[in-house]
Amino acid sequence: MSGARRLVQGVALACAMGAAILIAACSGTEVPIEPVTPGSPALEISVNLSPTTFQQGDSTRITVTLRNVSSRAVRVSFATTCTIVYAIRTPSGALVVPGGGGWQCDPFESRIDLGRLEATQRIFVWRGEGIPAGSYVVYGALGQDLAVVSPGVGVTVTAAPPPP
473 MSGARRLVQG VALACAMGAA ILIAACSGTE VPIEPVTPGS PALEISVNLS
523 PTTFQQGDST RITVTLRNVS SRAVRVSFAT TCTIVYAIRT PSGALVVPGG
573 GGWQCDPFES RIDLGRLEAT QRIFVWRGEG IPAGSYVVYG ALGQDLAVVS
623 PGVGVTVTAA PPPP
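Residue numbers (my numbering): 473 to 636.
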């Protein structure tokens, strides 16, 4: 068999294998994705901080986790680019972060797909600048309007030492 003929047969075999894989991938065995809204019982949102006490000008790391607690894959859709965010309030409930009452988000639809029992995280850094020293409560949240929030975690911001 000539080299050219073997090359043509090899290419044909590769194409046939690629087509078989493509057909198998589209065979209807895909896992259906169930659309859910923020606040659905299929979703769990939580927040963790490290550290929970820091000095003004230093920082704390805020980790917000969104977990699919259902037995099905889910898709969470949002009207803006704000999906997983955080909020900080005083102990009396006054909103500190985001300033102005809400996050500034682009008006483009976005979504998060989560497999069965899958989780995704967003990590933020907060410095506590521009606020008085004191106690605050940090929440994980879904969406620009902060309508769905996690249980809160306390954080203490201590005053920076006076300059020498």
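Built from N, CA and C at the ideal position, the CB exists for glycine as well.
All of these numbers come straight from a predicted model, not from anything done at the bench.
For this session: Specify, as a first and last residue, the run of the beta strand (DSSP E) that VAL610 falls within.
Result: Counting along the chain, the unbroken beta strand (DSSP E) around VAL610 starts and ends at 606 to 614.
Problem set entry | Best match in SER518, ILE556 and ILE517 for proximity to ASP458 [C-alpha to C-alpha] | There is simply no residue 458 to check, as the chain begins at 473 and stops at 636 in what is shown.
For this session: Return the chain-ordered list of same chain residues with a C-beta closer than 8 angstroms to the C-beta of GLY574, the five sequence neighbours on each side being excluded.
Result: Closer than 8 angstroms at the Cβ level, and outside the excluded window around GLY574, lie GLN616, ASP617 and LEU618.
For this session: Would you mind stating whether VAL548 and ILE560 have Cβ atoms separated by less than 7 angstroms?
Result: Contact: no.
Problem set entry | The beta strand (DSSP E) enclosing PRO507, as first and last residue numbers | Note, PRO507: beta strand (DSSP E), 505 to 508.
Exercise. Using the C-alpha atoms, what's the distance from THR525 back to ALA566?
Worked result: Computed Cα separation, rounded: 20 angstroms.
Exercise. According to the Cβ coordinates, are SER518 and PRO563 closer than 7 angstroms?
Worked result: It is not a contact, given that the beta carbons lie outside the stated cut-off.
For this session: Indicate the three-state DSSP secondary structure (helix, strand or coil) for GLY572 in the structure shown.
Result: DSSP places GLY572 in helix when its eight states are reduced to three.
Exercise. Smallest Cα separation from ALA441: which of GLY626, GLY612 and GLN528?
Worked result: Outside the displayed range of the chain (473 to 636) lies residue 441, so it cannot be described from this structure.
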